[in-house]
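Worksheet: the structure to be examined is printed underneath.
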Ligand SMILES: [Zn+2]
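Numbering (my numbering), first residue to last: 788 to 865.
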């Protein structure tokens, strides 16, 4: 069986990301709703940029945000 690796850290994974980056990705999706309510207008790209700039965010979240920004669609299906 061919082993697949995380798009970001190259760990063995089940989906597009490893469990750590998948968890961070789900958190990013989940929090976008609240941020959009708080800011009014907030594009997906602006949101991702804020995540990267916020020193309180963990390294997993930042890595996923950077990956999503450099990805043309900005979103992935997992
Ligand atoms: Zn990973």
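We treat Cβ as the ideally placed atom computed from N, Cα and C, and that holds for glycine. In this text, all values refer to a predicted model and were calculated from it rather than measured experimentally.
Notebook entry, point to check: Sorted by chain position, which residues of the same chain lie with C-beta nearer than 7 Å to residue 853's C-beta, five sequence neighbours on each side aside?
Noted result: 839
Item checked: residue 817: first and last residue of the uninterrupted alpha helix (DSSP H) it sits in -> 806 to 826
Notebook entry, point to check: For the candidate residues 812, 790, 793 and 806, whose alpha-carbon lies nearest to that of residue 844?
Noted result: 812
Note to self: Using only CA atoms, which one of 826, 830, 834 and 809 lies nearest to residue 847?
What the structure shows: 809
Notebook entry, point to check: Do you know whose CA, among 820, 804, 824 and 823, lies nearest residue 850's CA?
Noted result: 804
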